[in-house]
Amino acid sequence: MIQLSLIEARELAESILLHNGFNLAHAQAVAATVIAGERDGCASHGLYRILGCVNSLRAGKVSATAEPQVIDQAPSIVRVDAGGGFSQLAFKAGLPLLAQKTRANGIAALAINRCVHFSALWVEIEQLTAEGLVALACNPSHAWVAPAGGRLPVFGTNPIAFGWPRAGQDPFVFDFATSAIARGDIELHRRAGKAIPEGWGVDAQGQPTTDANVVLDSGAMLTFGGHKGSALAAMVELIAGPLIGDLTSAESLAYDAGSKSSPYHGELIIALDPRRFLGDSAPVHLARAESLFQGIEGQDARLPSQRRYAARARSLAEGVQIPEALYNDLKALLA
463 MIQLSLIEAR
473 ELAESILLHN
483 GFNLAHAQAV
493 AATVIAGERD
503 GCASHGLYRI
513 LGCVNSLRAG
523 KVSATAEPQV
533 IDQAPSIVRV
543 DAGGGFSQLA
553 FKAGLPLLAQ
563 KTRANGIAAL
573 AINRCVHFSA
583 LWVEIEQLTA
593 EGLVALACNP
603 SHAWVAPAGG
613 RLPVFGTNPI
623 AFGWPRAGQD
633 PFVFDFATSA
643 IARGDIELHR
653 RAGKAIPEGW
663 GVDAQGQPTT
673 DANVVLDSGA
683 MLTFGGHKGS
693 ALAAMVELIA
703 GPLIGDLTSA
713 ESLAYDAGSK
723 SSPYHGELII
733 ALDPRRFLGD
743 SAPVHLARAE
753 SLFQGIEGQD
763 ARLPSQRRYA
773 ARARSLAEGV
783 QIPEALYNDL
793 KALLA
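Residues 463 to 797 in the numbering used here are what the sequence shown spells out, letter by letter.
Structure below.
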């Protein structure tokens with residue numbers, strides 16, 4: 463393993479992106495996201511993702527210099543045209559107007575169109591909870607996941623993330639794929655030559671397999687919770703696809719044309735302001751919400767994101783470790 467401080471990890475990520483043609487704004491925005499993943503113990507969305515970012519650029523599937531265009535669509539709707547760039551800069555561009563509209567109306571939505579997306583959603587959710595807002599986000603990806611009872615890929619991993627601000631402590635945040643596992647975790651198993659657990663995917667005939675290569679190359683991933691995860695995946699396809707005028711996971715995969723680049727689609731973020739919903743009584747009801755968290759933790763159950771927050775505290779003090787093979791692959795991108 464290779465030990466890196468968070469500053470060294472960020473400098474490595476930024477230098478690779480700049481060396482390969484991304485402008486400074488995109489390099490900084492993308493690097494901040496992957497370092498957040500690495501910092502929080504989420505290796506599948508950490509420095510490993512830089513490899514895919516460069517591959518997407520070399521394949522001509524992402525713009526390295528696109529300037530997001532913010533569109534004031536309606537009293538409670540913001541649109542950002544990412545122009546074929548990664549989603550991070552588009553989110554950054556739309557966030558101020560989204561927050562403004564949410565505080566004015568109590569609820570508002572941000573639709574990001576024509577973005578290339580690889581990242582965890584909690585990074586964006588935490589920026590909204592830091593504003594005192596409740597937030598929900600989702601997006602399709604590439605069609606890698608079979609519906610419940612099927613064997614052919616239709617859905618993306620289609621993550622859903624939610625955040626609830628908490629005064630004086632870390633927000634309540636969950637972020638999970640509607641697939642049984644994030645695709646990046648299967649890719650990491652392949653890189654390590656490890657079998658995957660049953661229930662993550664099937665082969666081309668729809669039979670269970672523990673071979674990561676089979677799932678990634680010829681089979682399909684599975685949804686979590688059978689028909690329940692499948693229904694949620696379909697919901698994400700609809701509200702973060704046709705509803706905002708953007709691609710479904712099947713259309714994103716067709717656009718990819720075998721280049722194995724990051725997915726190209728849209729993203730939907732919905733924000734709610736407790737203070738507009740509740741007025742002067744907001745502090746009372748937000749305090750009531752704390753009893754829910756106490757009821758969970760009081761029986762030694764874990765809140766979502768607690769492991770991430772613990773990993774964050776360790777990384778801030780000790781830095782991070784990445785496999786030597788990954789470090790070598792990253793350094794090769796500077797040649």
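Virtual Cβ for every residue (Gly too), placed ideally from N, Cα, C. Computed from a predicted model, the values in this text were never measured in an experiment.
Between residue i and residue j, how many whole angstroms is the CB-CB distance? I'm expecting something under 8 Å.
i: PHE634; j: ARG628; result: 6 Å
i: ALA733; j: ALA566; result: 11 Å between Cβ atoms; not a contact.
i: GLY688; j: ALA610; result: 5 Å
i: HIS727; j: HIS579; result: 6 Å
i: ILE784; j: ILE464; result: 5 Å
i: SER518; j: GLY546; result: Contact flag wrong, Cβ pair sits at about 10 Å.
i: ASP735; j: THR564; result: 5 Å
i: ARG541; j: ILE533; result: 4 Å
i: VAL782; j: ARG511; result: VAL782 to ARG511, Cβ: 14 Å. No contact.
i: ALA682; j: PRO615; result: 5 Å
i: HIS747; j: LEU740; result: 5 Å
i: ARG738; j: GLY568; result: 3 Å
Residue range of the beta strand (DSSP E) that residue i falls in?
i: ARG764; result: It is not in any beta strand (DSSP E) - ARG764 carries neither H nor E in the DSSP assignment.
i: ASP543; result: 539-543
i: ILE533; result: 531-536
Taking the alpha helix (DSSP H) that residue i belongs to, which residues open and close that run?
i: LEU513; result: 511-520
i: PHE739; result: 736-740
i: ARG472; result: 468-481
i: GLN802; result: Residue 802 lies beyond the residue range present for the chain, which begins at 463 and ends at 797; the question has no answer from this structure.
i: GLN589; result: 584-591
i: ALA696; result: 689-701
i: VAL676; result: 674-679
i: SER711; result: 711-718
i: LEU650; result: 645-654
Taking only three categories from DSSP, how would you classify residue i?
i: ASN567; result: helix
i: TRP626; result: strand
i: GLU729; result: strand
i: VAL596; result: strand
i: PRO659; result: coil
i: ASN790; result: helix
i: GLN756; result: helix
i: GLY618; result: coil
i: ASN601; result: coil
i: LEU795; result: coil
i: PHE636; result: strand
i: GLY547; result: strand
i: SER724; result: coil
i: PRO785; result: coil
i: PRO704; result: helix
i: VAL524; result: coil
i: PRO670; result: strand
i: LEU559; result: helix
i: ARG413; result: In this structure the chain extends from 463 to 797, so residue 413 is not present and cannot be described.
i: ALA608; result: coil
i: ALA682; result: strand
i: SER641; result: strand
Return yes when the Cβ of residue j is within less than 8 Å of the Cβ of residue i, no when it is not.
i: PRO530; j: ALA498; result: no
i: THR495; j: SER603; result: no
i: ASP673; j: ALA657; result: yes
i: THR480; j: VAL492; result: Thr is not the amino acid found at residue 480; the sequence shown has Leu there. Taking 8 Å as the Cβ cut-off, LEU480 and VAL492 do not qualify as a contacting pair.
i: GLY612; j: SER711; result: no
i: LEU788; j: LEU509; result: yes
i: LEU595; j: ALA571; result: no
i: SER767; j: LEU468; result: no
i: CYS600; j: ALA702; result: yes
i: CYS515; j: ALA552; result: no
i: ALA528; j: ALA505; result: no
i: ARG652; j: ASN675; result: yes
i: ILE539; j: GLU729; result: no
i: LYS523; j: ASP679; result: no
i: ALA605; j: LEU715; result: yes
i: LEU474; j: LEU792; result: yes
i: GLY503; j: ALA773; result: yes
i: THR671; j: VAL677; result: yes
i: GLU476; j: GLN490; result: yes
Would you say residue i touches the ligand ATP, meaning its beta carbon is less than 7 Å from a heavy atom?
i: LEU730; result: Within the structure as shown, the ligand ATP is missing, as the structure has no ligands at all.
Indicate whether at least one CB of chain B lies closer than 8 Å to the CB of residue i.
i: HIS747; result: Considering every chain present, this structure includes no chain B. It has just one protein chain.
Note to self: Within 8 Å, do at least three Cβ pairs link the stretch 579-596 to the stretch 649-667?
What the structure shows: With contact defined as three or more Cβ pairs closer than 8 Å, the stretch 649-667 and the stretch 579-596 are not in contact.
Exercise. Tell me, please, whether the stretch 619-626 touches the stretch 686-706 by the rule of three or more beta-carbon pairs shorter than 8 Å.
Key: As far as the Cβ criterion goes, the stretch 619-626 touches the stretch 686-706, which means the pair count is three or higher.
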